[in-house]
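*Asks:*
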Amino acid sequence: MTLMQKFLGAAATVALTAGVAAADPAVIFDLGGKFDKSFNEAGYNGAERWAEETGGKYLDIELQSEAQREQALRRFAEAGANPIVTMGFAMTPTIEQVAPEYPETKFVNIDGWANLPNVQTISFAEHEGSYLAGVMAAKASKSGTVGFIGGMDIPLIRKFACGYAQGVKSVNPDATIIANMTGTTPAAWNDPVKGSELTKAQISQGADVVYAAAGGTGVGVLQTAADEGILSIGVDSNQNHLHPGKVLTSMLKRVDVAVYNALKDGEGLATGFQNLDLASNGVGVAFDDNNASLVSAEMTEAVDMATKAIVSGEITVENYAAAESCSVLEF
137 MTLMQKFLGA AATVALTAGV AAADPAVIFD LGGKFDKSFN EAGYNGAERW AEETGGKYLD
197 IELQSEAQRE QALRRFAEAG ANPIVTMGFA MTPTIEQVAP EYPETKFVNI DGWANLPNVQ
257 TISFAEHEGS YLAGVMAAKA SKSGTVGFIG GMDIPLIRKF ACGYAQGVKS VNPDATIIAN
317 MTGTTPAAWN DPVKGSELTK AQISQGADVV YAAAGGTGVG VLQTAADEGI LSIGVDSNQN
377 HLHPGKVLTS MLKRVDVAVY NALKDGEGLA TGFQNLDLAS NGVGVAFDDN NASLVSAEMT
437 EAVDMATKAI VSGEITVENY AAAESCSVLE F
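Structure, rendered in structure tokens:
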């Protein structure tokens, strides 16, 4: 296998060698890979939906190290891919460096903050969706103690945790919320063993519902929760099917919609900032056959009421990423 094949994968290699058609987009998946059953996989599902509906093709790469970020972005840009969709906040500095050199190329920065004329930056109201997950956790908990396990300790993940804690407290002001982060480096997104260890530690402290916002690490959280007989909450993608009857719900972050729309809009996509919130169905909680036995009518009503209150502005969910503080949870 050649170095380029190892780096970009066979499909991308062929396209780069033969020359990319102007309409061919590209997707750069972050560490953890496009089958992480969470954030990256949601993006992959959106790209596949676009490909199936249009018959189009897209280039993609699954990053294996931090060093590949700039190389991947430059190679796709030089090959003529347009737009280039990047998954994850960690791509922001690279986009800020590379995008100005390719003013005719459109870049999409999901979860980032790049502010450039040829970049579409997409964020989500994760705190609002997590609030709903917290409402469900508090309704389901018998011990009054629930857990949160995050991936890399960054403001974005604290945003999930703080929203979740607010939802829990709205139902049970006396509830205890145990919050742990997996680590402080990107490796924290893909460490299911550590996720399992943290889950067991939280169970030993009385947690009977654990919410994972940790990428591939969350797979270990959900597995251990199922094995130990407690409930879990998935994130980003609908993870209810991973352990039917044992995953209370999943906080949906519609990364799939963001990627699908970017590829559909193509070179004509609008640049600037977009925020996908509860009102625009950018976030929410999952209900399906896999968790139907866990969701009571009272729980559904509580989620509906909270949703309406957030959308109307009656409830304002505190956003950790904006204030860098959380009144209901200590980290």
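Residue numbering for the sequence shown follows our numbering, starting at 137 and increasing by one per position.
We put the CB at the ideal spot given by N, CA and C, even for glycine.
#1: Just tell me which of D401, S368, P309 and V393 has its CA closest to the CA of G283.
#2: Pick from G182, E184, N218 and K275: whose alpha carbon is nearest that of A433?
#3: Where does G418 fall in DSSP's three states?
#4: I believe D172 touches G351 by the beta-carbon criterion, under 8 Å. Please report the beta-carbon distance rounded to the nearest angstrom.
#5: Which term fits T320, buried or exposed, when burial requires 16 or more other beta carbons within 10 angstroms of its beta carbon?
#6: Threshold first: 4 residues or longer. Then list the alpha helix (DSSP H) segments lying entirely within the segment 255 to 330, N to C.
#7: Quick check: is any heavy atom of the ligand MG less than 7 Å from the C-beta of A348?
#8: To the nearest angstrom, how far is the alpha carbon of H377 from that of P236?
#9: Could you check what DSSP says for L412 in three-state terms: helix, strand or coil?
#10: Can you tell me which of E262, A215 and T257 puts its alpha carbon nearest to the alpha carbon of G286?
#11: Straight-line CA distance for K170 to E177?
#12: Which residue wins for smallest C-alpha separation from V345, given the options R205, T353, A311 and N326?
#13: Our contact map puts L199 next to D160 with C-beta atoms below 8 Å; I'd like the distance itself, whole angstroms only.
#14: Which residues does DSSP list as the beta-bridge partners of L388?
#15: Under the DSSP definition of a beta bridge, which residues are partnered with L105?
#16: Would you identify the three-state DSSP class for N181, choosing helix, strand or coil?
#17: Using 8 Å for Cβ pairs, my map puts A398 next to V221. What's the rounded Cβ distance?
#18: Between the C-alpha atoms of A217 and F243, what's the straight-line distance to the nearest angstrom?
#19: For L268, which of N417, S174 and N426 has the nearest alpha-carbon?
#20: Does DSSP classify N397 as helix, strand or coil?
#21: Measuring alpha carbon to alpha carbon, tell me which residue in V391, G365, R185 and D363 is nearest V371.
#22: Would you list the residues sitting across from I246 in a DSSP beta bridge?
#23: Considering only the beta carbon of each residue, do W186 and Y396 sit closer than 8 Å?
#24: Once the 5 residues before and after V453 are set aside, which same chain residues still bring their CB inside 7 Å of it?
#25: Between which two residues does the beta strand (DSSP E) carrying E198 extend?
#26: Could you check whether P322 and L465 sit closer than 8 Å to each other, using their CB atoms as the reference points?
*Replies:* Judging by the given coordinates:
#1: Closest option to G283, Cα to Cα, is S368.
#2: K275
#3: coil
#4: Yes, D172 and G351 are in contact; Cβ-Cβ is about 5 Å, under 8 Å.
#5: Of the other Cβ atoms in all chains shown, fewer than 16 fall within 10 Å of the Cβ of T320; this residue is therefore exposed.
#6: 262 to 276 and 291 to 307
#7: This structure lacks the ligand MG; in fact it carries no ligand of any kind.
#8: 42 Å
#9: Here DSSP, grouped into helix, strand and coil, assigns L412 to strand.
#10: E262
#11: 5 Å
#12: A311
#13: About 20 Å separates the two Cβ atoms, so there is no contact after all.
#14: In the DSSP output, where bridge partners are listed per residue, L388 has D372 and G420.
#15: Absent from the structure is residue 105, since the part of the chain shown begins at 137 and ends at 467.
#16: helix
#17: Contact annotation, A398 with V221: C-beta distance approximately 5 Å; criterion of less than 8 Å satisfied.
#18: 10 Å
#19: N417
#20: helix
#21: V391
#22: Paired residues: M223 and I258.
#23: yes
#24: H263, E264, Y267, G299, Q302 and I446
#25: L195 to E198
#26: no
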